[in-house]
Structure formats: structure tokens, C-alpha cells
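Letter by letter, the sequence shown follows residues 2 to 222 of the numbering used here. The beta-carbon is built from N, C-alpha and C at its ideal position, and this holds for glycine as well. Only a predicted model underlies this, so the values are computations on that prediction, with no experimental measurement involved.
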Amino acid sequence: MIAIALALLAAGGGGEVWATQHVQDRIAESVRRGMGLDSLPQVHVNGFPVSMQLAGKKITEADIDAAQVPATVNGRVLIIQDLAVQLHGVHQEQGGRERADDAEATATIAYEDLSAFYGVAVGRGHGDDQLEVTTRVPLLGQVSASTRIGITGPRTIGVDDVQLSENVPPAARTLLESRLERTTPLDNLPEGLAIRSVTVTDHGIVALMSGNDVDLQPRTA
Numbered sequence: 002m003i004a005i006a007l008a009l010l011a012a013g014g015g016g017e018v019w020a021t022q023h024v025q026d027r028i029a030e031s032v033r034r035g036m037g038l039d040s041l042p043q044v045h046v047n048g049f050p051v052s053m054q055l056a057g058k059k060i061t062e063a064d065i066d067a068a069q070v071p072a073t074v075n076g077r078v079l080i081i082q083d084l085a086v087q088l089h090g091v092h093q094e095q096g097g098r099e100r101a102d103d104a105e106a107t108a109t110i111a112y113e114d115l116s117a118f119y120g121v122a123v124g125r126g127h128g129d130d131q132l133e134v135t136t137r138v139p140l141l142g143q144v145s146a147s148t149r150i151g152i153t154g155p156r157t158i159g160v161d162d163v164q165l166s167e168n169v170p171p172a173a174r175t176l177l178e179s180r181l182e183r184t185t186p187l188d189n190l191p192e193g194l195a196i197r198s199v200t201v202t203d204h205g206i207v208a209l210m211s212g213n214d215v216d217l218q219p220r221t222a
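Structure, rendered in C-alpha cells:
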């Protein structure tokens with residue numbers, strides 16, 4: 002590999018371009034296959050020269066941007082609208098699996114995808130961790146409530162603390178809570194990442210994740 006790297010360096014810019022594209026394609030295909038994506042994610046390898054990193058069998062840093070990442074739980078599909086991952090110390094193991102020494106990720110889930118997953122209309126609430134949910138209740142019509150979203154496990158998020166107006170009967174609370182009791186999975190992501198925080202934004206909820214010894218093949222792959 003060192004001889005190849007030296008040859009690429011001797012070839013000038015063309016060799017470095019080839020090395021960069023080779024590594025980016027390799028990582029992109031591993032992510033696409035592991036996460037079941039319909040198309041290749043965007044991958045950008047940082048650092049120079051990439052040919053020497055390739056010879057050393059470890060890429061210093063790589064950025065991944067994937068769209069429409071599916072996650073499935075109990076037959077229900079949740080779509081992660083955008084997934085941005087920064088990898089450090091990327092290396093390929095036997096069998097072609099890609100692993101990183103550590104990584105940080107940002108997963109954005111749009112409100113329309115949350116609404117489809119929970120079966121109620123979900124929108125931004127009045128705080129950094131508050132959502133507003135709306136559904137129709139028999140005899141009452143449209144009912145809205147405020148709820149809090151947070152971390153429920155290393156790779157799951159969920160909602161609790163449903164707040165309704167005082168004049169809404171208990172049956173409405175029961176209906177909303179039953180719709181919201183399922184947790185939101187983020188399992189179809191690189192193994193080793195864990196959720197550190199969840200924030201409500203204008204465009205959806207954003208989960209920040211990080212981890213060490215990260216395998217680009219999810220546990221479900």
C-alpha cells in the first residue's frame with residue numbers, strides 16, 4: 002500500500018484525486034448497504050494527502066450526509082430526513098466493514114414524519130423540548146395538547162408529560178397518551194452512536210449523537 006501511495010503522489014494531482022474518490026466511494030457504498038438507503042450518501046474525506054492516509058489504512062476524518070434514512074419498529078417506518086455524521090480515524094476491517102475510532106452525528110426528523118409515525122399531528126411547542134400534538138376525539142372534535150420530548154434510551158426518544166386543558170375529559174388524555182406511548186427508534190444508524198441531546202426546532206426535532214469505536218453497519222444490518 003505504501004508503494005501504491007508513493008506512486009499516486011508521483012502521479013501528481015490525478016493520483017490524489019483517484020485516491021480521494023476511491024475512499025469516498027468505498028465509505029458511501031458501505032453506508033448505503035448497511036442502512037438500506039435508496040441512493041449513495043454524500044461523503045467528503047478531509048486531510049491531505051489522502052493517498053498517504055489510504056496507505057496507512059486509516060482516514061483521518063470523513064463527513065457523511067445522508068437523506069431519507071429509514072428506521073422501522075413493529076412494522077412502522079420512521080424517516081430521518083437528514084443525517085450528518087463526522088467520522089474520525091476511519092479504517093476498513095476484514096470483510097469490508099468500515100469502522101471509526103469515534104464519531105458525532107446530527108439526526109433531523111421532520112414534523113410530518115413524526116406525525117405519520119405517531120398517528121397524530123405533531124408540531125413545535127413553546128419550549129426547547131416541547132411539542133404540540135393535535136388529534137380528533139369522538140364527540141369532542143379536535144383536541145390539542147402540549148408534551149415534552151426527551152431521551153428514553155441510548156438510541157430512542159419519546160414523549161411524556163401530556164398537558165391538556167382542564168375542561169378536556171380523561172378519555173381524551175387516554176387516547177393521546179396511547180398514541181404517543183411508542184418510542185421513536187434511531188437504531189438504523191451506525192452502531193456505537195448514542196443520543197446525547199434532543200432539541201425542538203422550526204423544521205423538526207434534532208438529535209445529537211456521539212460514540213467511540215463506531216461501526217458503520219447498524220445493529221439491524
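With 16 other Cβ atoms within 10 Å as the buried cut-off, status of residue i
i      : result
Glu182 : exposed
Phe49  : exposed
Arg137 : exposed
Pro52  : One detail in the question is off: residue 52 reads as Ser in this sequence, not Pro. Per the 10 Å Cβ criterion, buried.
Glu94  : exposed
Ala4   : Here Ala4 scores only 48 on pLDDT, less than 50, and its place in the model should not be relied on; the value that follows carries that caveat. With fewer than 16 Cβ atoms within 10 Å of its Cβ, Ala4 is classed as exposed.
Ala172 : exposed
Leu132 : buried
Gln228 : The question about residue 228 has no answer here: the residues shown for the chain are numbered 2 through 222.
Thr21  : buried
Pro139 : exposed
Leu115 : buried
Leu209 : exposed
Selection from the options that minimises the alpha carbon distance to residue i
i      : options                           : result
Thr148 : Asp162, Asp214 and Pro139         : Asp162
Gln54  : His23, Ala29 and Val78            : His23
Ala104 : Ile110, Leu84 and Ala56           : Leu84
Val169 : Leu115, Ser179, Gln143 and Thr157 : Gln143
Asp203 : Asp64, Gly193 and Asp129          : Asp129
Leu79  : Gln87, Thr184, Glu192 and Ser166  : Thr184
Met36  : Glu192, Asp214 and Gly212         : Glu192
Leu88  : Ala56, Gln25 and Tyr112           : Gln25
Glu113 : Thr61, His127, Gly16 and Val134   : Val134
Asp64  : Gln82, Arg34, Val70 and Ala106    : Ala106
Asp216 : Arg27, Asp102 and Leu177          : Asp102
Asp39  : His45, Val70 and Asn47            : Val70
Ser145 : Thr153, Gly159, Phe118 and Gly126 : Gly126
Leu176 : Ala117, Leu141, Thr153 and Trp19  : Leu141
Gln218 : Ile81, Asp66 and Arg34            : Arg34
Chain D contact for residue i (CB, 8 Å cutoff)
i     : result
Thr61 : Included in the structure is just one protein chain, with no chain D present.
Cβ distance (whole Å) where residue i is taken to contact residue j below 8 Å
i      : j      : result
Pro155 : Ile196 : 7 Å
Ala72  : Leu187 : 6 Å
Val199 : Gly151 : 6 Å
Ala108 : Leu165 : Rounded, the Cβ-Cβ distance is 29 Å, inconsistent with contact.
Lys59  : Val91  : 7 Å
Ala29  : Leu41  : 4 Å
Ser179 : Leu194 : About 30 Å separates the two Cβ atoms, so there is no contact after all.
**Report entry** Length at least 3, wholly inside the segment 101–176: the beta strand (DSSP E) runs in chain order
**Finding:** You should have 122–125, 131–138, 142–154 and 157–164.
Requested in this report: Could you tell me whether the segment 113–122 touches the segment 89–105, where touching means 3 or more Cβ pairs closer than 8 Å?
Outcome: Touching, no.
Report task. Please list the segments of the beta strand (DSSP E) lying wholly inside the segment 194–222, counting only runs of 3 or more residues, in order along the chain. Result -> 195–201 and 205–216, all fully within the segment 194–222.
Requested in this report: Entirely within the segment 62–100 and at least 3 residues each: give me those beta strand (DSSP E) ranges in chain order.
Outcome: For the beta strand (DSSP E) assignment, the uninterrupted runs of no fewer than 3 residues enclosed by the segment 62–100 are, from N- to C-terminal side, 77–93.
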